[in-house]
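Heads up, the sequence shown is in this note's numbering, so the first residue is 142 and it goes up one at a time. So the structure is just underneath, and the comments pick up after that.
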Amino acid sequence: MTKAQITSKTVAIRHIKIRSAKTFAQVREKFEAALPKLDAQIVEQLNKGDEQAAKAYGDAGPKLSIFLVRDHGALLQIAGGRRNAIQYEIGNPLTASKMTRHRLAAALYAPLRVVLFEDEDGRSVFEYDQPSSLFGQFDDERVTEVGRYLDAALEAALLQAAA
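What follows is the structure, encoded as structure tokens:
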């Protein structure tokens with residue numbers, strides 16, 4: 142039997158916070174109105190290799206979609222109190238494929254994760270790890286370039302919701 146091999150490397154990740162004076166409910170509503178939920182039909186078409194659907198989605202689809210929403214605040218009820226805290230998985234399947242075709246390990250971070258929560262002062266806060274810093278660890282400029290595109294797209298969506 143061949144012994145498994147383990148390798149590791151330490152990477153620097155840029156963590157970003159965006160604070161808003163708006164309430165959690167206002168920011169959440171604005172954010173979820175701006176980013177559509179991922180269309181299950183397009184995922185099915187892409188999984189079947191439908192090139193026409195992929196082209197149409199690439200040409201006219203959203204830059205980013207919400208793949209999944211997790212209510213982390215509700216989980217805190219078991220620890221004595223609910224909080225306003227939502228985790229989002231956000232991305233674009235075509236954008237992800239532009240990275241994973243070169244480095245499959247990029248799928249670790251696609252879709253991206255963003256948390257929106259209410260701080261102790263009642264302000265809304267977005268936190269996330271900058272995509273280019275996550276994808277830069279793969280030492281492939283083609284992947285990092287897509288990460289920089291995601292930096293701008295994600296920041297714009299979050300700032301729009303926080304404004």
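Every residue, glycine too, gets a C-beta built ideally from N, C-alpha and C.
- In the three-state reduction of the DSSP assignment, residue 289 falls in the helix class, which pools H, G and I.
- In chain order, 187, 195, 198, 199, 202 place their CB closer than 8 Å to the CB of residue 235, counting only its own chain and leaving out the 5 sequence neighbours on each side.
- The beta-carbon distance between residue 159 and residue 303, rounded to whole angstroms, is 5 Å. This is short enough to meet the 8 Å contact definition.
- Bounds of the alpha helix (DSSP H) holding residue 167 are 165 to 175.
- By the neighbour-count criterion, in which a residue is buried when 16 or more other Cβ atoms sit within 10 angstroms of its Cβ, residue 278 is buried.
- The beta-bridge partner set that DSSP reports for residue 226 consists of 258.
- Bounds of the alpha helix (DSSP H) holding residue 200 are 192 to 201.
- Taking C-beta separations shorter than 6 Å and ignoring five residues to either side along the sequence, the partners of residue 179 in its chain run 206, 208, following chain order.
- Of the residues 251, 223, 242, the one whose Cα lies closest to the Cα of residue 233 is 251.
- A direct Cα-to-Cα measurement between residue 298 and residue 170 gives close to 13 Å.
- Assignment of beta-bridge partners to residue 269 by DSSP yields 157, 255.
- Taking the Cα of residue 212 as reference, the smallest distance to any Cα among 192, 245, 218, 228 is reached at 228.
- In the DSSP annotation of this structure, the continuous segment of the beta strand (DSSP E) that includes residue 207 starts and ends at 206 to 212.
- Within the same chain, Cβ atoms closer than 8 Å to the Cβ of residue 269 are found at 156, 157, 253, 254, 255, 256, 295, 299, the five residues on either side in sequence being excluded.
- Per DSSP, reduced to three states, the secondary structure at residue 231 is strand.
- Residue state for residue 178 is assigned as strand, using DSSP reduced to three classes.
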